[in-house]
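Visitor: Would you mind keeping the following structure in view while I ask a few things?
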Amino acid sequence: MAKPMAKPMREAPPDWSPVLSRSVTLRHDRVRGTDLLLRPERVVVLRGGAGTVLRLCDGERTLGSIVAELAERFPGAPVATEVPEFLGRLREEGWVR
């Protein structure tokens with residue numbers, strides 16, 4: 002049996018200003034030394050630079066400016082492709098708007 006095709010992700014426009022949804026909270030867990038996304042009845046442990054990306058999602062900065070800032074902070078990192086993809090997935094899940 003063929004695997005179902007993944008739903009194509011819509012590319013977020015660079016002028017989109019992402020912000021966490023009202024039901025989502027970003028916290029740093031000092032014990033684990035990692036960032037967490039808190040949702041009603043769910044905790045998501047963030048890995049890598051996910052918390053850094055989400056802290057920039059304040060509803061003021063555009064996706065383009067977030068990518069530019071991260072590219073400046075982390076030269077050589079593939080932020081131009083990975084950050085829009087990451088935020089696009091979170092947008093589809095309803096965690097950012």
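Going by the numbering used here, the sequence shown opens with residue 2, and the numbers climb by one from there. Glycine included, C-beta positions come from ideal geometry on N, C-alpha and C. Please read all numbers here as calculations on a predicted model, not as lab measurements.
With a threshold of 7 Å on Cβ separation, who are the neighbours of D59 within its own chain once the five nearest residues in sequence on each side are excluded?
Guide: Counting only Cβ-Cβ distances below 7 Å, and skipping sequence neighbours, we find V20.
Visitor: Tell me the rounded alpha-carbon separation between R90 and T53.
Guide: The C-alpha of T53 is placed about 16 Å away from the C-alpha of R90.
Visitor: Return the first residue and the last residue of the alpha helix (DSSP H) that V25 is part of.
Guide: Here V25 belongs to no alpha helix (DSSP H), and DSSP marks it neither H nor E.
Visitor: For V97, which residues of its own chain have a beta-carbon under 7 Å away from its beta-carbon, when the five flanking residues on both sides are left out?
Guide: P19, V20, L21, S22, C58, L88, L91
Visitor: With which residues is T35 paired in a DSSP beta bridge?
Guide: The partner list for T35 (beta bridge, DSSP) reads D30.
Visitor: Excluding the 5 residues preceding and the 5 following G65 in the sequence, name in chain order all residues of the same chain whose CB lies nearer than 8 Å to its CB.
Guide: P15, D16
Visitor: DSSP has D16 in a bridge; who is on the other side?
Guide: Paired residues: none, contrary to the question.
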